[in-house]
Amino acid sequence: SDAPAPKIVDQTTEFHKKLLELSRRRAGGRVSRKLLLDTFGPPRVPGADRAAGWDGVSVLLVPGLWTKWYPLYWVHLRSALDRCAVDYHFSRADSDATSAENVSVVRAEIFALLRGSKRSVLVYAHSKGALDAAAVIHDLSPAEKERVCGFVACQGPFGGAILAHDAIRTNVLSGILDTLFGKLLRGAGLGAVRDLTYDARRAYYDGHREPWWVHPALRGGAAPSGASDRAWVPTVCLCTAATHEPAALMSPIVEYYRYRYGRDGAIDGLCARTDGALPGATCVFLSDMDHFGPAWTGFPAMDRYDSVDLFFVLAALCFHRGTTAAKQARKLRAAPPARRRLDDADELAFEADVSEGFQTDYEEYGRSASSPSGLARITSWGLFGN
3 SDAPAPKIVD QTTEFHKKLL ELSRRRAGGR VSRKLLLDTF GPPRVPGADR AAGWDGVSVL
63 LVPGLWTKWY PLYWVHLRSA LDRCAVDYHF SRADSDATSA ENVSVVRAEI FALLRGSKRS
123 VLVYAHSKGA LDAAAVIHDL SPAEKERVCG FVACQGPFGG AILAHDAIRT NVLSGILDTL
183 FGKLLRGAGL GAVRDLTYDA RRAYYDGHRE PWWVHPALRG GAAPSGASDR AWVPTVCLCT
243 AATHEPAALM SPIVEYYRYR YGRDGAIDGL CARTDGALPG ATCVFLSDMD HFGPAWTGFP
303 AMDRYDSVDL FFVLAALCFH RGTTAAKQAR KLRAAPPARR RLDDADELAF EADVSEGFQT
363 DYEEYGRSAS SPSGLARITS WGLFGN
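To get the numbering used here, take the position in the sequence shown, counting from 1, and add 2.
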């Protein structure tokens, strides 16, 4: 039989390799279509002519919470996509609205892209936008999923956002929220914050158990059928904390949560790094990026990453996810890693926080090594089996 399905496929090392290669080839210049092809090759888009490259892809950018109030949000990335002649669309989802309200908007946009051309769709989402987009992808038919060539979730609080959870459940913070949203913003956004609590996220997964982001070769059990393969969407999760970025604008919040929660306090300013991981998806773990990182190059993002490079490297990981999954499955069948039961979610966060480089990739583990199975909080909830 197949090996048990892994809970995390860590590609942090591969991410840094690709990021370094892109930076070296760019040599201080701008990203171009030729540079992308030279560095990563053409996107591997299911059912499309590989020679089409980026011409066979439409990108849907789904913004995060409250981002309509932020100046220059994704402006560097959008400029680069224009320069590289990449077809992209900025979602009209309301960043103050609930997921239930935004799902209909994002669904209509994905359907319009799928029906309007023969291109495949790459969904690139930030923060709460990742939850809105994931809810839509869950409900797509296998034929529609087959044309979604990738889903990149940057800091998506899939397990919940620790800051939002505390804000709703703590008396003082809850009072501040009631004043802010009820009086200043006339109620806009409070429902969206409630969507990010741990209770709300767990309730969502109770009713949506299909792990569509896990490659069939990594699910264990019988060999996948063609239908199950078509129902899979290549997924990459960027999971970050700013614990090693003292210049981060959100550093005071980060330090407060480290003091308040100790081992479970590795956050990016909104959500804990462990909450950004979908069990079984490709994940990239960083400890030096706050919640501004994926959307800005420069202020208010004070980290070392370029939002444009970040997009293209994460997209490349998505486009090559099938090859990675097949290789991973062979490794697991050859030498299944030891597994252990994780009883303490805080212990998992501590392991993630202290492991520089996050060597949780099964390729780095021998037969007797511990499994990194619990890095995602939703794994500890027991909602998805092996």
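Glycine included, each C-beta is placed from N, C-alpha and C at the ideal position.
Item                                                                                                                                            : Value
Report the rounded CA-to-CA distance for SER101 versus GLY161, giving the unit in angstroms.                                                    : 15 Å
Taking 7 Å as the limit between beta carbons, can you name the residues of its chain near TYR307, skipping five residues before and five after? : MET291 and GLY295
Could you tell me the distance, in whole angstroms, from the CA atom of ALA93 to the CA atom of LEU316?                                         : Sequence inspection shows Ser at residue 93; the Ala mentioned does not correspond to that position. The alpha-carbon atoms of SER93 and LEU316 are separated by roughly 19 Å.
Can you grab the Cα-Cα spacing for the pair HIS91 / VAL138, in whole Å?                                                                         : 16 Å
Per DSSP, GLY17 is paired with what?                                                                                                            : The sequence given here has Phe at residue 17, not Gly. Per DSSP, none; premise fails for PHE17.
Roughly how many angstroms separate the alpha carbons of ALA318 and LEU24, rounded to a whole number?                                           : 11 Å
Cα-Cα, which of GLY118, HIS18, GLU257 and ILE164 is closest to ALA202?                                                                          : ILE164
Taking THR237 as part of the beta strand (DSSP E), name the residues at either end of that continuous run.                                      : 237-242
I'd like to know whether the C-beta atoms of TRP215 and LYS147 end up nearer to each other than 8 Å.                                            : no
Kindly indicate which residue of PHE301, HIS210 and ARG379 has the alpha-carbon position closest to the one of CYS241.                          : ARG379
How about CYS86 and SER119: do their beta carbons lie closer than 8 Å?                                                                          : no
What does a CB cutoff of less than 6 Å around LYS130 pick up in its chain, not counting 5 residues either side in sequence?                     : GLY66 and LEU67
The beta strand (DSSP E) spanning ALA155 covers which residue range?                                                                            : 150-156
Taking the straight line between their C-alpha atoms, what separation do you get for LEU116 and ARG149?                                         : 7 Å
How about VAL238 and LEU79: do their beta carbons lie closer than 8 Å?                                                                          : no
What first and last residue would you give for the beta strand (DSSP E) that runs through TYR90?                                                : 89-92
Mind reading off the beta-carbon distance from ALA244 to MET252? Whole number of angstroms is fine, and I expect it under 8 Å.                  : 6 Å
Could you tell me if the beta carbon of LEU22 falls within a distance shorter than 7 Å of some heavy atom in the ligand HEM?                    : Because no ligand of any kind appears in the structure shown, any question about the ligand HEM cannot be addressed here.
Kindly indicate which residue of PHE314, HIS167, ASP57 and ASP98 has the alpha-carbon position closest to the one of TYR72.                     : ASP98
Does DSSP put ASP292 in a helix, a strand or coil?                                                                                              : coil
Which same chain residues, not among the five before or five after TYR75, have their C-beta less than 8 Å away from its C-beta?                 : PRO65, THR69, ALA297 and TRP298
Alpha carbon to alpha carbon, how far is PHE287 from THR14?                                                                                     : 6 Å
Tell me which same chain residues have a C-beta within less than 7 Å of the C-beta of THR41, skipping the five on either side of it?            : GLU23, LEU24 and ARG27
According to DSSP, is VAL77 part of a helix, a strand, or is it coil?                                                                           : helix
Mark PHE314 as exposed unless 16 or more other C-beta atoms lie within 10 angstroms of its C-beta, in which case mark it buried.                : buried
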